[in-house]
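Below: one structure, written as structure tokens.
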Amino acid sequence: MNFDALPPPEMARKAEAVGIAKVAMDTATTFALSVLAGAFIAIGAAFATNTLAGSGDLPYGVARLLAGLTFSLGLILVVVAGAELFTGNNLIVMAWASGRVSTLRLLRNWVIVYVGNFAGAIATAGLLYAGKQYEFGKGAVGATTLTIAATKAVIGGMIARILSAVVRPL
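With the working numbering applied, the sequence shown corresponds to residues 4 to 173, in that order.
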């Protein structure tokens, strides 16, 4: 049984081969697999949000552990289905760096996959909204969703302030 436990040079060659195969896929297949990946990640996020909702009585670490475990469902679905997730497709840069994939083919793949992931995630969010998932748990899921969104917005603002403070002196 092959578990791909390869030494670094062989792993780099395997990453190049995978990158070449990814950019060789036709547009429709790449886009469809990308939409699926976006939907799968959104499903994992919805599952994690449901897990966190109403978990106030649990210790913080336990609640986060359970949310992380349930979120990983989305990643498992991506791997099992062979879907195209943008973060994974960034590894195509290995084939690009070795000159086996052109810049145009690399960027084409990234744009298709990014747009497909976005479309799948937004469509899934729309379905969850239409199904009134935010009302589950007497509104606890909606409140948890808003808390997560607000936290991410604050973190994004903090990162922007840190970057502007670091870049400005340069």
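From the three backbone atoms N, C-alpha and C, an ideal C-beta is built for every residue, glycine too.
- DSSP places Y117 in the uninterrupted alpha helix (DSSP H) bounded by 106-133.
- V96 has its alpha-carbon roughly 8 Å from the corresponding atom of E19.
- Where P12 is concerned, the enclosing alpha helix (DSSP H) starts and stops at 11-27.
- Counting along the chain, the unbroken alpha helix (DSSP H) around F74 starts and ends at 63-84.
- Judged by DSSP in its simplified three-state form, G41 adopts helix.
- Excluding sequence positions up to five before and after L55, its CB lies within less than 7 Å of the CB of A66, A70, T147, all in the same chain and listed in chain order.
- Of the residues assessed, T106 falls on the exposed side of the cut-off, its CB having fewer than 16 other CB atoms within 10 angstroms.
- The way I'd put it, the region 31-45 does touch the region 80-90; three or more beta-carbon pairs between them come closer than 8 Å.
- Taking a 10 Å sphere around the C-beta of I115, we find 16 or more other C-beta atoms and assign the residue as buried.
- Annotated three-state conformation of L166 is helix, per DSSP.
- Excluding its 5 nearest sequence neighbours in each direction, A124 has C-beta neighbours in its own chain below 6 Å: G41, A45, listed in chain order.
- Here L88 carries a coil assignment [DSSP, helix/strand/coil].
- The residue among A126, Q136, M28, M14 with its C-alpha nearest the C-alpha of A51 is Q136.
- Per DSSP, reduced to three states, the secondary structure at A8 is coil, with no helix or strand assignment.
- For I158 and V169, the gap between their C-alpha atoms comes out near 16 Å.
- Within its own chain, the residues whose Cβ lies closer than 8 Å to the Cβ of G140, once the five positions on either side in sequence are excluded, are N53, A56, G57, listed in chain order.
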